[in-house]
Amino acid sequence: MPDLVLRQIFAEYDYAVLCKMERVCKRWMNIINAKFRKEIHEVSIERLGSSFPQTHQCIPFRRLSISCPSDSHDFLAGVFRRSRLSILKMTTDINFLAGIDQIYVAKDTGRRYFSNVEDLWLLIIHPDDDVTQRFLSIEETLFSELNQLTLQVHVNPRYYRNVSEIVKSFILRYPKSNINLELHAEKSMHILNQMSVLPSLPLYKIKLICTDF
Numbered sequence: 082m083p084d085l086v087l088r089q090i091f092a093e094y095d096y097a098v099l100c101k102m103e104r105v106c107k108r109w110m111n112i113i114n115a116k117f118r119k120e121i122h123e124v125s126i127e128r129l130g131s132s133f134p135q136t137h138q139c140i141p142f143r144r145l146s147i148s149c150p151s152d153s154h155d156f157l158a159g160v161f162r163r164s165r166l167s168i169l170k171m172t173t174d175i176n177f178l179a180g181i182d183q184i185y186v187a188k189d190t191g192r193r194y195f196s197n198v199e200d201l202w203l204l205i206i207h208p209d210d211d212v213t214q215r216f217l218s219i220e221e222t223l224f225s226e227l228n229q230l231t232l233q234v235h236v237n238p239r240y241y242r243n244v245s246e247i248v249k250s251f252i253l254r255y256p257k258s259n260i261n262l263e264l265h266a267e268k269s270m271h272i273l274n275q276m277s278v279l280p281s282l283p284l285y286k287i288k289l290i291c292t293d294f
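Counting from 1 along the sequence shown, just add 81 to a position and that's the residue number in the working numbering.
Here you go:
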């Protein structure tokens, strides 16, 4: 069948089915991957509370939402093989970025993992010493240039300093980025203490979410 007919057939199937269909032959794989690169410009990765990988593709918004366990390395490697270079916007958590070297990504030496991502929404929750050090050791290899950066911090007194180090690394790496900061906590003193140890921030917007307030 002509490629045009195949593309019309593939348009009737969802992401999970197409991932299986691409294994039929190299021709099908190329057509399906070209479809993904065109339709997926945003990836949202949720790794909390999921027992098995799930995906939902919203074609009008060019978004792929992923819900998977934290150890789904092969699954995520497949996702990035298909559309890594077409991703312009990403939503994920600090633990994912800190452990990106555990996921096989076919990239040239010296190239960033997500070189075309311009907009990052990052959840920072429980960044212990190990996660923080792993992130700081790999952060220069993640993105080329971020224009929009949203950091959602769930404040914990144990990790004030680690959050500060993570935020500082983003500011130094992407000084031209518009930075949105969200601080979530139950007690106002925790938010104030967290703010007191943060570096000087060229913030575009700040949101404070606290039951005390």
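We put the beta carbon where it would ideally sit given N, CA and C, even for glycine.
- Fully enclosed alpha helix (DSSP H) runs of no fewer than 4 residues occupy 241-254 of the stretch 213-260, in order along the chain.
- Residue burial annotation: R128 is buried, with at least 16 other C-beta atoms found within 10 angstroms of its C-beta.
- The alpha-carbon of N259 is positioned some 29 angstroms away from that of C149.
- Looking only at L166, E220 and L289, the smallest Cα-Cα distance to I175 is reached by E220.
- Counting the other CB atoms within 10 Å of its CB gives R162 a total below 16, which places it among the exposed residues.
- The residues P208, in chain order, have a CB closer than 6 angstroms to that of Y240 in the same chain once the five nearest residues on each side in sequence are set aside.
- Cβ-Cβ distances below 6 angstroms link Y255 to L227 in the same chain, with the five nearest sequence neighbours on each side left out; the list follows chain order.
- A Cβ-Cβ contact shorter than 9 angstroms links I126 with I147.
- Within the same chain, Cβ atoms closer than 6 angstroms to the Cβ of Q138 are found at Y96 and L145, the five residues on either side in sequence being excluded.
- Burial is judged here by how many other beta carbons sit within 10 angstroms of a residue's own beta carbon; F117 has at least 16 and is buried.
- Around the Cβ of F177, a 10 Å sphere holds 16 or more other Cβ atoms; the residue is buried.
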